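Visitor: Please read through the structure below; I'll follow up with questions.
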Amino acid sequence: MRRLKVIVILGPTATGKSDCGIMLAQKLGGEIISGDSMLVYKHMDIATAKPNARELSEIKHHLINILEPSEKFNVVDFKERAALLIQDINARGHVPIIVGGTGLYIKALLENYDFAQAQAVGNLRVALENYAIREGNQALHKRLAKLDANAAKNLHSNDRRRVIRAIEVAMQGEEVSQTHAKESPYDAIVFGLHMPREILYPRINKRVDKMVEAGIFEETKKLLAMGVPEDAQAMKSIGYRQVLEYLHDEYDKNTCISKIKQATRNFAKRQFTWYKKMSYIHWIEVAEPSVPEIYVAEMLRVLEQKRKLR
RNA sequence: GCCUCGGUAGCUCAGUCGGUAGAGCAAGGGACUGAAAAUCCCUGUGUCCGCAGUUCGAUUCUGCGCUGAGGCA
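Note that our numbering gives residue 136 to position 142 of the first sequence, counting from 1, and the numbers run on in steps of one.
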């Protein structure tokens, strides 16, 4: 089987992935597939640092603004859609460029995670959730141990969410612990934008201040006015979550802004943890202020080198 | 000027009846196979303000100094 070509640009939040992606797409005649769990939502623009309308129209972008904020989206949805898009874009003779920071999404796609077939069963989840609340996480974890001992061993009993999914899978005759990655159908070259934290963190703080100026508070209120439920998956994301807490008078506005900054910094740290395990990433060091031209030139150089080797 | 109460981890503080200390938050590290910007786990050595005295031994007691808050003139 001839493997499909794909380029990936990943990195923690606020390193300038979007700019580089657009610039690279312009040079190569590429199309961008967003690898980001939050950009799929319409009307959620400021807190998600979504590329603006002009940028979105300059280069063809996929998997952005495809769902209402109250809808659900997950890795499997991403993997399926992205796989189709990669085929499609390749077939049209264009270069697919995945740009995004969601570690699980990109890893699952590139490494071809073989997810269990078991569907999410709403009322079963609620029932298990209630069981955990009533009997405790330990008791729930014991139930899993009876169904899939390996999964139970790998999961901490407090990680209720994963314990529930593992039980859900087991009850449908599969075992999460038995799922493995299949051979990858992609010939991928993965670029990672890296920045030391002494530079990244101030950059994050600055970006959050800009979000406040751009109207993150108003955007959150607008979403609520549109009828988006406060417990919607997307409302749990960084920015909206803290503004919601502010609106509930849990703290004042300045505290809210600091909390958003802090959550974003913590998030960047977790993103690095994902990337550390992806040994195939070609890292590019980003400075402050960042100069996308330089990083894109570096990417082109690497791509050219790789072409010669074929 | 005098009196009182403070000065202990990045921050807020607890504590040691004298045997060199511990919580919360912050921070760091990690996990992750259908919520992933989610969810979860692990990690606490710091001139205990400084100097001197008492003592086998002082962060703990005493004296002096520095410094913060409050009170009285």
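From the three backbone atoms N, C-alpha and C, an ideal C-beta is built for every residue, glycine too.
Keep in mind that this is a model prediction, so the values were computed, not measured.
Taking the straight line between their C-alpha atoms, what separation do you get for alanine 145 and histidine 88?
Guide: The alpha-carbon atoms of alanine 145 and histidine 88 are separated by roughly 41 Å.
Visitor: Which runs of the alpha helix (DSSP H), 4 residues or longer, sit entirely within the segment 71 to 129?
Guide: You should have 97 to 104, 116 to 129.
Visitor: I'd like to know if the segment 270 to 286 and the segment 236 to 244 are in contact, where contact means that at least 3 CB-CB pairs between them fall below 8 Å.
Guide: Verdict: no, contact absent.
Visitor: Of all the alpha helix (DSSP H) runs that stay within the bounds of the segment 217 to 283, which reach a length of 4 or more residues?
Guide: The segment 217 to 283 contains these whole alpha helix (DSSP H) runs: 234 to 241, 247 to 270.
Visitor: For the beta strand (DSSP E) that contains glycine 24, what are its first and last residues?
Guide: Element bounds for glycine 24: 24 to 28.
Visitor: Can you tell me whether histidine 135 is helix, strand or coil according to DSSP?
Guide: In the structure shown, histidine 135 sits in a helix (DSSP, three-state: H, G or I).
Visitor: Determine the closest residue to lysine 271 out of Lys101, Lys147, Gly130, with distance taken between C-alpha atoms.
Guide: Comparing Cα-Cα distances from lysine 271 to each of Lys101, Lys147, Gly130, the minimum goes to Lys101.
Visitor: Do you know how far the Cα of glycine 186 is from the Cα of lysine 302?
Guide: Each residue's alpha carbon lies about 22 Å from the other.
Visitor: Isoleucine 183 and histidine 55 look like a contact to me (Cβ under 8 Å); what is the Cβ gap, rounded to whole Å?
Guide: Not confirmed; about 20 Å, so no contact.
Visitor: Tell me which residue opens and which closes the beta strand (DSSP E) that leucine 4 is part of.
Guide: It spans -2 to 4 - the beta strand (DSSP E) in which leucine 4 sits, taken as one unbroken run.
Visitor: Under 9 Å between the Cβ atoms of serine 231 and threonine 42?
Guide: Closer than 9 Å, so yes.
Visitor: Determine the closest residue to alanine 175 out of Asp108, Arg156, Asn124, with distance taken between C-alpha atoms.
Guide: Cα-wise, what sits closest to alanine 175 is Asp108.
Visitor: Return the chain-ordered list of same chain residues with a C-beta closer than 8 Å to the C-beta of arginine 119, the five sequence neighbours on each side being excluded.
Guide: So the qualifying residues of the chain are Ile158, Glu162.
Visitor: What separation, rounded to the nearest whole angstrom, lies between the Cα atoms of isoleucine 16 and alanine 291?
Guide: Cα to Cα, the separation comes out at about 13 Å.
Visitor: Determine, using beta carbons only, whether asparagine 106 and glutamate 177 come nearer to each other than 9 Å.
Guide: Cβ atoms of asparagine 106 and glutamate 177: closer than 9 Å.
Visitor: So, leucine 149 versus leucine 138, is the Cβ gap smaller than 9 Å?
Guide: Closer than 9 Å, so yes.
Visitor: Output the boundary residues of the alpha helix (DSSP H) element that contains tyrosine 35.
Guide: Element bounds for tyrosine 35: n/a, residue is neither H nor E.
Visitor: Once DSSP output is grouped into helix, strand and coil, what is the label at aspartate 181?
Guide: Aspartate 181: strand per DSSP, three-state reduction.
Visitor: Using the Cβ count rule (16 or more neighbours within 10 Å means buried), how would you classify threonine 249?
Guide: Exposed: under 16 other Cβ atoms inside 10 Å.
Visitor: Sorted by chain position, which residues of the same chain lie with C-beta nearer than 6 Å to threonine 9's C-beta, five sequence neighbours on each side aside?
Guide: Around threonine 9: Leu187, Met189, Val280.
Visitor: If we call anything under 9 Å between Cβ atoms a contact, is histidine 37 one with leucine 294?
Guide: Not closer than 9 Å, so no.
Visitor: Assuming isoleucine 91 and alanine 19 make a contact with CB atoms under 8 Å, what is their CB distance in whole Å?
Guide: That belief holds up - the Cβ atoms of isoleucine 91 and alanine 19 are roughly 6 Å apart, short of 8 Å.
Visitor: Give me the Cβ distance between arginine 155 and asparagine 131, rounded to the nearest whole Å; I'm assuming they're in contact under 8 Å.
Guide: Not confirmed; about 11 Å, so no contact.
Visitor: Beta-carbon separation of serine 12 and alanine 228 under 9 Å?
Guide: Contact: no.
Visitor: Between tyrosine 234 and the rest of its own chain, which residues show a CB-CB distance below 6 Å, the 5 nearest in sequence each way excluded?
Guide: So the list reads Ala41, Thr214, once near-sequence residues are dropped.
Visitor: Tell me, to the nearest whole angstrom, how far the beta carbon of leucine 103 is from that of alanine 76; I am working on the premise that it is less than 8 Å.
Guide: Right, their Cβ atoms sit about 5 Å apart.
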